[in-house]
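Colleague: Numbering (this note's numbering), first residue to last: 3 to 345.
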């Protein structure tokens with residue numbers, strides 16, 4: 003019984019936090035899916051103007067969604083005003099405006115919340131024969147830095163860090179600096195530290211590992227959990243990915259058959275995307291779990307050490323990564339309100 007507790011009580015902290023968030027989410031009432039009448043429609047409107055601020059009547063306005071049923075065409079009225087009603091929420095729309103004598107205008111992607119009425123305020127056309135262009139070039143490092151900045155705002159239920167998942171359809175590889183930044187940001191997040199305290203309390207109640215009881219024992223368990231979690235995040239999320247040129251993040255698929263998405267999530271602990279954009283064996287994740295499990299032998303009590311425990315922790319860590327990946331693919335995006343919208 004002691005050996006069972008020793009194996010099961012030490013888990014990769016980041017995956018554990020996501021699974022705790024998933025458990026909380028499953029106990030929270032949610033809106034019924036697939037009932038169109040329960041979701042109020044939205045709308046989009048705007049006024050087409052020229053460079054001088056005058057309205058452009060008769061302009062053709064095209065609203066494109068994911069499919070033909072989500073695409074519409076209308077014309078601006080005599081005051082340049084146009085409007086689309088009864089639009090579905092959470093569908094990425096893009097508005098295009100065409101008018102004789104003017105260059106075409108296209109909006110950024112627009113995704114409405116249920117019942118939201120969006121007014122486009124920047125529908126300004128430029129004269130077609132004006133050939134003034136400005137080319138702005140961003141390096142891949144700058145784009146990657148912006149993606150990490152967006153990822154650091156992603157939290158399940160607005161609370162639990164969900165930094166290691168990519169929702170962008172066109173991600174770029176991370177630099178070594180950004181890999182370490184993401185790992186350290188995760189490790190020192192207040193919610194991560196709270197998770198360490200909570201797991202240490204559970205270990206204290208279960209009297210594992212074999213430290214003493216009391217405040218000193220709790221401090222030892224807190225340190226052990228923090229060291230294990232930090233080692234796992236740092237080695238598997240920054241050190242090995244930098245050395246092996248691999249990306250430590252989960253790439254959300256979101257489309258395709260359920261089977262294809264299931265297999266994509268299931269393979270994540272074993273297959274990752276390299277910095278070259280190619281899929282390859284996930285040596286970083288597996289090596290990080292194995293290294294973190296081995297490091298635990300350096301500070302665990304003598305009675306809790308041994309090769310059996312190392313490989314037992316490694317197997318349990320890998321299993322938790324599988325569960326975490328499945329949750330990412332099918333559940334957690336819906337519970338991450340600040341997730342970057344798919345392009």
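C-beta atoms are modelled at their ideal positions from N, C-alpha and C, and glycine is treated no differently.
Helix, strand or coil: which one does DSSP assign to residue 335?
Modeller: helix
Colleague: Could you tell me which whole alpha helix (DSSP H) segments of length 4 or greater appear in the region 158-200?
Modeller: 178-189
Colleague: Should residue 341 go down as buried or exposed, given a rule of 16 or more other Cβ atoms within 10 Å for buried?
Modeller: buried
Colleague: Can the beta-carbon of residue 174 be found less than 8 Å from the beta-carbon of residue 149?
Modeller: Cβ distance < 8 Å, so residue 174 and residue 149 count as in contact.
Colleague: Can the beta-carbon of residue 51 be found less than 8 Å from the beta-carbon of residue 97?
Modeller: no
Colleague: Taking only the alpha-carbon atoms, compute the straight-line gap between residue 258 and residue 41 and give it to the nearest angstrom.
Modeller: 24 Å
Colleague: Check each candidate in 129, 319, 88 and 314 and name the one with the smallest Cα separation from residue 99.
Modeller: 129
Colleague: Note down, in chain order, each residue of its chain lying with its Cβ closer than 6 Å to the Cβ of residue 270, except the 5 sequence neighbours on either side.
Modeller: 252 and 327
Colleague: For residue 304, which three-state DSSP category applies?
Modeller: Residue 304 falls in the helix class under three-state DSSP.
Colleague: At 4 residues or longer, what runs of the alpha helix (DSSP H) sit wholly inside the region 252-309?
Modeller: Complete alpha helix (DSSP H) runs here, min 4: 260-269 and 285-297.
Colleague: Would you call the region 227-243 in contact with the region 276-286, where contact means no fewer than 3 C-beta pairs closer than 8 Å?
Modeller: yes
Colleague: Provide the residue(s) that pair with residue 122 in DSSP beta bridges, ordered along the chain.
Modeller: Bridge partners of residue 122: 48.
Colleague: Taking the C-alpha atoms as reference points, what is the distance between residue 77 and residue 91?
Modeller: 23 Å
Colleague: Considering only their Cβ atoms, is the gap separating residue 68 from residue 94 smaller than 8 Å?
Modeller: Contact flag set, yes.
Colleague: What residue range is occupied by the uninterrupted beta strand (DSSP E) comprising residue 99?
Modeller: 94-100
Colleague: Can you tell me which of the three DSSP states residue 220 falls into?
Modeller: helix
Colleague: Where do the N-terminal and C-terminal ends of the beta strand (DSSP E) with residue 75 fall, by residue?
Modeller: Start and end: 74-77.
Colleague: According to the neighbour-count rule (16 or more other Cβ atoms, all chains shown, within 10 Å of its Cβ), is residue 181 buried or exposed?
Modeller: buried
Colleague: Would you report the Cα separation of residue 169 and residue 332, rounded to the nearest angstrom?
Modeller: One alpha carbon belongs to residue 169, the other to residue 332, and they sit about 13 Å apart.
Colleague: CB-CB under 6 Å to residue 143, same chain, minus the five flanking residues each way: which ones, in chain order?
Modeller: Residues of the same chain with a CB within less than 6 Å of the CB of residue 143, apart from the 5 flanking positions on each side, are 177 in chain order.
Colleague: Taking the beta strand (DSSP E) that residue 66 falls in, what are its first and last residues?
Modeller: 62-66
Colleague: Would you tell me roughly how many angstroms separate the C-alpha atoms of residue 107 and residue 79, rounded to the nearest one?
Modeller: 17 Å
Colleague: Pick out whichever of 146, 283 and 191 has its Cα sitting closest to the Cα of residue 161.
Modeller: 191
Colleague: Does the separation of the CB atoms of residue 295 and residue 238 fall below 8 Å?
Modeller: no
Colleague: Residue 165 and residue 154 - do their beta-carbons sit closer together than 8 Å?
Modeller: yes
Colleague: Exposed or buried, which one is residue 226 when buried takes at least 16 other CB atoms within 10 Å?
Modeller: buried
Colleague: Starting from residue 85, trace the beta strand (DSSP E) both ways and give me its first and last residue.
Modeller: Element bounds for residue 85: 83-89.
Colleague: With 16 other CB atoms within 10 Å as the buried threshold, where does residue 267 fall?
Modeller: buried
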